[in-house]
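Student: Input: one structure, supplied below.
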Amino acid sequence: MSIHKVLRMGDTRLLRVAEPVTAFDTPELQQLIEDMFETMKAYDGAGLAAPQIGINQRILIYGVDKNPRYPDAETVPMTVLINPEITILSEEMDMDWEGCLSLPGMRGIVSRYTHIRYSGYDEKGNELEREAKGFHARVVQHETDHLDGILYPQRITDMRQFGFLEELNGKQITQRQPCDNV
C-alpha cells in the first residue's frame, strides 16, 4: 500500500470531469482503493476522490468513525463508491462548514441537500444503493463534486464564511448555519 500526495487547489487535474470505471474486480483497482484508504487515513480525511490523487476515474471512498478534523461528526460507514449517481430526496438544504484535503487548513460554509439517495458500484462491480442524511449526505455530495471537477469553494455563496482555520478559530466552525439564501 502507498500513501499518495493529495493534489491541492490550483492543480488543473482537479478541474477535470472524471472518466467512468469500466473494469471491476481487478488487482489494479483493488490496489488503488487500498492506497486511497491509506491516503485518506494518513491525511485524517472523511473521504477521498480518485482525482485528488491524480487518477481521473469516478471512484470515491469515505467513512468516519472518529476523526480529529470532524470531532462532532456522526459515524459514516466506510464505503467504496464507483460511478456514483445522486438523487435528491428532499429540497431541504443545510449550510455547514466544510474542509477538503485539497485545501489544507481551510474551511467554508457550503449549502448541501440534507437527504439524498446514492447509487453506484463497489470495487467488485456489485450494485450499491443507500439513502443518506446529514453529514453522511454532505460527505457523499462533496466527494462526488470532485468527480465533476468541482471544489467546495465554488459552492460558497458568502466568501466572508471562508478562510484559514487559524483565523476562523474564534468562530463556531462546527455549528450549523440557517439556510436562507439557497
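In this text, residue positions in the sequence shown follow my numbering: the first is 94, and each later residue adds one. Note that beta-carbon positions come from the ideal geometry of N, C-alpha and C, so glycine has one too.
For a test of the three-state rule: what should DSSP assign to K134, helix, strand or coil?
Tutor: DSSP places K134 in helix when its eight states are reduced to three.
Student: Give the straight-line distance between the Cα atoms of E207 and V169, rounded to the nearest whole angstrom.
Tutor: For clarity, residue 207 is Thr in the given sequence; the question names Glu instead. Looking at the two C-alpha atoms, the distance is approximately 15 Å.
Student: Would you call V281 buried or exposed, if buried means 16 or more other Cβ atoms sit within 10 Å of its Cβ?
Tutor: This structure cannot speak to residue 281, because the chain is shown only from 94 to 275.
Student: If you follow the alpha helix (DSSP H) that V99 is in, where does it begin and where does it stop?
Tutor: Segment: none, V99 is in no alpha helix (DSSP H) and carries neither H nor E.
Student: Per DSSP, which residues does S183 bridge with? Please list them.
Tutor: Note: S183 sits in no beta bridge, so no partner.
Student: Identify which residue in G242, R200, L240, Y211 has its Cα closest to the Cα of E259.
Tutor: Among G242, R200, L240, Y211, the Cα nearest to that of E259 is on R200.
Student: Who are the near neighbours of Y136 in its chain, counting only those whose CB is closer than 7 Å to its CB and skipping five residues on each side?
Tutor: Taken in chain order, the residues that qualify are V99, L194.
Student: Does the Cβ of R205 have 16 or more other Cβ atoms within 10 Å, making it buried, or fewer, making it exposed?
Tutor: Buried: at least 16 other Cβ atoms inside 10 Å.
Student: So, T172 versus G156, is the Cβ gap smaller than 8 Å?
Tutor: Against a cut-off of 8 Å, the Cβ pair of G156 and T172 comes out as a contact.
Student: Which same chain residues, not among the five before or five after I175, have their C-beta less than 6 Å away from its C-beta?
Tutor: If we look at I175 and ignore the five residues flanking it on each side, its Cβ neighbours are V114, I152, G213, Y214.
Student: Which class does G227 belong to by DSSP, given the choice of helix, strand or coil?
Tutor: DSSP places G227 in helix when its eight states are reduced to three.
Student: Given F257, which residues of its chain have a CB within under 7 Å of its CB, disregarding the five upstream and five downstream residues?
Tutor: Taken in chain order, the residues that qualify are G198, M199.
Student: Measure how close the beta-carbons of V233 and I249 come, nearest whole angstrom, since I'm counting them as under 8 Å.
Tutor: Actually they do not touch by this definition, with Cβ atoms about 19 Å apart.
Student: Find out if the Cβ-Cβ distance for the pair V110, D251 is shorter than 8 Å.
Tutor: No; because the gap between Cβ atoms is not below 8 Å, this pair is not in contact.
Student: Taking DSSP's pairing of strands, which residues face R205 in a bridge?
Tutor: According to DSSP, which records beta bridges pairwise, R205 is partnered with D187.
Student: Given this structure, state the Cα-to-Cα distance separating Y163 from S183, to the nearest angstrom.
Tutor: Going by the C-alpha atoms only, they are around 25 Å apart.
Student: Is the beta carbon of M94 sitting closer than 8 Å to the one on D128?
Tutor: Yes, these two residues count as a Cβ contact at 8 Å.
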